[in-house]
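Per our numbering, the very first residue in the sequence shown carries number 130; after that it's consecutive.
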Amino acid sequence: MLVFRRRRRFSVIGLLSWLYLVALLVWFSLRLLFFDRFWWLALLNTLAFYLFVPIVVFLPLYLWSRQRQLLLGLLFACLLFLSLFYPLFNPFAKAALPAPAQPTLKVISFNLRWDNQNYGKVAQMIRTAQPDLIGLQELQPGEVSNLAAVLAPDYPYRAVHPVDLFHTVALFSRLPIDSMTALPNPPLERGLQVTIHDKNDRPLNVLVTHLAPNNMPLFPLSRFAAETRDRYSRRAAETASLQTLVRSQSLPTLMLCDCNMTDTSETYAQLRQVFKDSFQERGWGLGHTISVKGIPFPVQRIDYIWHTDEIQAIDAFVGPDANSDHLPIVATLRYP
Numbered sequence: 130m131l132v133f134r135r136r137r138r139f140s141v142i143g144l145l146s147w148l149y150l151v152a153l154l155v156w157f158s159l160r161l162l163f164f165d166r167f168w169w170l171a172l173l174n175t176l177a178f179y180l181f182v183p184i185v186v187f188l189p190l191y192l193w194s195r196q197r198q199l200l201l202g203l204l205f206a207c208l209l210f211l212s213l214f215y216p217l218f219n220p221f222a223k224a225a226l227p228a229p230a231q232p233t234l235k236v237i238s239f240n241l242r243w244d245n246q247n248y249g250k251v252a253q254m255i256r257t258a259q260p261d262l263i264g265l266q267e268l269q270p271g272e273v274s275n276l277a278a279v280l281a282p283d284y285p286y287r288a289v290h291p292v293d294l295f296h297t298v299a300l301f302s303r304l305p306i307d308s309m310t311a312l313p314n315p316p317l318e319r320g321l322q323v324t325i326h327d328k329n330d331r332p333l334n335v336l337v338t339h340l341a342p343n344n345m346p347l348f349p350l351s352r353f354a355a356e357t358r359d360r361y362s363r364r365a366a367e368t369a370s371l372q373t374l375v376r377s378q379s380l381p382t383l384m385l386c387d388c389n390m391t392d393t394s395e396t397y398a399q400l401r402q403v404f405k406d407s408f409q410e411r412g413w414g415l416g417h418t419i420s421v422k423g424i425p426f427p428v429q430r431i432d433y434i435w436h437t438d439e440i441q442a443i444d445a446f447v448g449p450d451a452n453s454d455h456l457p458i459v460a461t462l463r464y465p
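So this is what it looks like as structure tokens:
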């Protein structure tokens with residue numbers, strides 16, 4: 130009787146495993162064919178990391194039970210996972226670089242969270258990292274002077290998106306700012322373009338951006354599909370505008386961005402056509418930066434430091450908590 134129950138239990142688990150593998154293969158095939166064309170598929174692509182979580186449960190069971198066919202299927206699922214996420218864990222790409230002969234540029238991108246006024250903790254995080262440039266998102270315009278007072282005199286230069294919005298983007302800098310332009314709205318509601326000179330007096334283009342948010346769960350369920358479609362459509366338009374802008378630039382360009390996209394989204398792939406992702410190049414691990422209430426760890430990687438080919442990332446990591454629902458992303462860059 131006990132043997133029968135065990136067999137029945139494994140047959141049910143086996144059925145669930147096969148259903149999972151078929152569903153995973155269908156999703157991956159649709160992703161290859163359509164990418165983010167449909168809102169529901171775009172949402173699945175955004176959540177792609179979590180589509181592989183069942184492997185953690187199923188794989189040990191079938192290693193123990195030695196059911197070869199299912200085991201091969203689950204190993205295939207592992208290969209799909211690696212095809213999407215291996216750059217984050219590639220030890221050969223993360224090998225230490227030789228000490229740079231030229232001065233480096235250290236930068237932070239950080240979404241403060243609009244209601245975060247714990248500027249002492251923010252300043253402590255910044256002073257620990259010692260960046261040259263700080264790109265901020267969700268800074269309330271009325272709080273700019275309060276934050277500037279905490280960061281002074283280390284960061285005497287700043288540029289703030291000059292629009293009357295609930296929250297905006299800004300750049301604080303050790304280096305003099307030559308010019309500042311708000312990016313076209315539409316499509317970029319919160320985007321700033323700044324020109325600076327680096328430590329070798331070479332001009333550099335810096336973008337600070339905050340793309341359309343994933344705040345669909347805040348709306349009634351009846352509006353979820355429409356709001357999701359709107360957010361992905363807006364981010365696609367923002368990404369296309371940024372691609373055009375970067376391709377038109379003659380200067381090396383950085384972008385400090387709360388992009389509200391994961392690295393399995395189509396818009397991420399489109400930005401990769403004009404930028405390199407500093408954390409994917411030089412960081413290690415998942416690099417998750419955004420937290421959700423009730424979950425004790427960051428759940429997705431949506432904050433980025435992008436750079437064009439003329440710039441090289443030397444190091445990148447996720448910084449410590451500074452009283453926000455986002456963690457800062459920090460990168461050290463070299464401009465040969």
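A virtual CB, placed ideally from N, CA and C, is assigned to each residue, including glycine.
field: Alpha-carbon to alpha-carbon, Ile419 and Val132
entry: With a pLDDT of only 45 at Val132, under 50, the local geometry of the prediction cannot be trusted, and the value read off the model is given with reservation. If you take the alpha carbons of Val132 and Ile419, they lie about 46 Å apart.
Beta-carbon contacts of Arg363 that lie in its chain and below 6 Å, excluding the five residues immediately before and after: Ala341
query: Quick one: what's got a C-beta closer than 8 Å to Val428's C-beta in the same chain, skipping five residues either side?
result: His417, Ile419, Ser420 and Val421
query: Under a Cβ-count criterion, where at least 16 other Cβ atoms within 10 Å of its own Cβ denotes burial, should Phe163 be classed as buried or exposed?
result: exposed
message: Taking the beta carbon of Phe218 as the centre, do at least 16 other beta carbons fall within 10 Å, making it buried, or is it exposed?
response: exposed
message: Less than 7 Å between CB atoms is the rule here; does Ala252 satisfy it with respect to chain B?
response: The structure shown contains no chain B; it is built from a single protein chain.
query: Could you give the residue range of the beta strand (DSSP E) that holds Lys250?
result: Where Lys250 is concerned, there is no enclosing beta strand (DSSP E), although the alpha helix (DSSP H) it sits in stretches over Tyr248 to Ala258.
message: For Thr357 and Val151, I'd like the C-alpha separation in whole angstroms.
response: 26 Å
message: Let's test the definition: count the other Cβ atoms within 10 Å of the Cβ of Met130 and tell me whether it reaches 16, buried, or not, exposed.
response: For Met130, the predicted model reports a pLDDT of 47, less than 50, meaning its position is unreliable; a value from the coordinates is still stated below. When all chains shown are included, Met130 counts as exposed.
query: Can you tell me whether His436 is buried or exposed, with buried defined as 16 or more other CB within 10 angstroms of its CB?
result: buried
- prompt: What residue from Asp330, Gln269, Ala451 and Cys207 has the CA that sits closest to Gln154's CA?
  reply: Strictly speaking, residue 154 in this sequence is Leu, with Gln absent from that position. With distances taken between Cα atoms, Leu154 lies closest to Cys207.
message: Assuming Val279 is part of the alpha helix (DSSP H), what are its boundary residues?
response: Val273 to Leu280
message: If you follow the beta strand (DSSP E) that Ser302 is in, where does it begin and where does it stop?
response: Thr297 to Ser302
task: Can you check DSSP and say which residues form a bridge with Ala445?
output: Ala460
- prompt: Tell me the DSSP bridge mates of Lys422?
  reply: Beta-bridge pairing links Lys422 to no other residue.
query: Helix, strand or coil for Gln269 per DSSP?
result: coil
query: How close, in whole Å, do the beta carbons of Leu188 and Trp156 come, if the pair is a contact with beta carbons under 8 Å?
result: Going by Cβ atoms, the distance from Leu188 to Trp156 rounds to 18 Å, so no, they are not a contact pair.
Span of the beta strand (DSSP E) around Val428: Counting along the chain, Val428 falls outside any beta strand (DSSP E), and DSSP gives it neither H nor E.
field: Range covered by the beta strand (DSSP E) that runs through Tyr286
entry: Tyr286 to Val289
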